[in-house]
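Please read the structure below before turning to the comments.
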């Protein structure tokens, strides 16, 4: 019987240095060849069977601004007719390259869950910062002003408030547990109205606005899809309880950003924590930078030093089951 052709795996030099022995142990007797990706365009290393897009490959690239290392990796994927599977470090697969690969019949898997606790903790930090009026306190600190919270309207107690959590993946579930520990009532919006669990009011994404009038918080933790793109718009902001706040750790395109700016300016929204935006990086002339009731972070809610190991393990688990 002729020997099986080696499985050709495209990955970065960093990923190979880190994972080489683990890949060999995972594949056992199955022959394989590591194909180290070039960081420079025009040097595609040839045909491969599968690929691992690790965090170091994406680097500081965004969906809209792609740096050369990632573009070179994409070039290798496009020039590989035998490509059957791509695994990415990200939790979502909404970058255009993945839709392109899927039309070719390539399987795309993600690292959903790897950063769920980190993102949920960051979302909670946004809730707590807004609830405790930290933007006002930060502003006073910059101005070297001793401005006690007692001098203005006091922060409302968080216990007893209601949050709509849109998305019921690992992030939404983890965040819901954290919120309920603080005695925040949670309404779940998800792809189906089937119950998310005991004591959890659940509705479909399309019905979100029907519950908005009861919400002190709208927290977005859902994937970007045709159903969730522009899910939140002026109608949503008008339907929310006066003084409600928005937290978005999902994708910027889920919100109509111009409607969000209007709602923040005219007071329909009391504040927002935003980690994601319609276009990234957020343009320097965006009004969101300067609004006193907004906390802006650069798509960093999921970054932590433990993610790499979790992503690697998800990739290896998939590799173990790969045909």
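Residue numbers (the UniProt record's numbering): 1 to 323. C-beta: ideal position from N, C-alpha, C; glycine also. Fair warning: this is a prediction, and the values are worked out from it, not measured in the lab.
Residue i: first and last residue of the uninterrupted beta strand (DSSP E) it sits in
i, result
"residue 32", "32 to 36"
"residue 20", "Note, residue 20: premise wrong, no beta strand (DSSP E); alpha helix (DSSP H) at 13 to 27."
"residue 164", "162 to 166"
"residue 271", "269 to 274"
"residue 124", "That residue, residue 124, is in no beta strand (DSSP E); its alpha helix (DSSP H) goes 116 to 131."
Neighbourhood of residue i by C-beta distance below 6 Å, restricted to the same chain and skipping five residues each side
i, result
"residue 116", "170, 171, 174"
"residue 268", "237"
"residue 287", "261"
"residue 230", "256"
Sequence-distant residues of the same chain with beta carbon closer than 8 Å to residue i, five excluded per side
i, result
"residue 187", "162, 163, 164, 165, 200, 201, 202, 203, 211, 214, 215"
"residue 33", "6, 7, 8, 9"
"residue 82", "8, 47, 48, 49"
"residue 21", "none"
"residue 68", "39, 40, 41"
"residue 306", "118"
CB contact flag (residue i, residue j, <8 Å)
i, j, result
"residue 337", "residue 131", "Here the chain has residues from 1 to 323 only, and residue 337 is not among them."
"residue 91", "residue 76", "no"
"residue 270", "residue 248", "no"
"residue 45", "residue 36", "yes"
"residue 65", "residue 281", "yes"
"residue 26", "residue 319", "yes"
"residue 295", "residue 147", "no"
"residue 252", "residue 278", "yes"
Expected contact under 8 Å - CB spacing of residue i and residue j to nearest Å
i, j, result
"residue 94", "residue 224", "4 Å"
"residue 114", "residue 311", "5 Å"
"residue 52", "residue 315", "5 Å"
Beta-carbon proximity list for residue i, same chain, < 7 Å, skipping 5 on both sides
i, result
"residue 84", "49, 50, 106, 107"
"residue 228", "205, 222, 254"
"residue 1", "Annotation note: pLDDT 40 at residue 1 (below 50); position unreliable, coordinate value reported separately. Hits under 7 Å: none found."
Residue range of the alpha helix (DSSP H) that includes residue i
i, result
"residue 97", "96 to 103"
"residue 138", "134 to 142"
"residue 187", "Careful: residue 187 lies outside any alpha helix (DSSP H), inside the beta strand (DSSP E) at 185 to 190."
"residue 206", "No alpha helix (DSSP H) contains residue 206, which DSSP labels as neither H nor E."
"residue 307", "307 to 321"
Candidates the options: closest to residue i by CA position
i, options, result
"residue 54", "80, 30, 68, 86", "86"
"residue 99", "252, 28, 63, 306", "63"
"residue 233", "258, 319, 323", "258"
"residue 89", "272, 242, 160, 313", "313"
"residue 104", "125, 79, 127", "79"
"residue 184", "192, 156, 318", "156"
"residue 217", "119, 59, 127, 11", "127"
"residue 240", "207, 71, 250", "207"
"residue 321", "23, 244, 18", "23"
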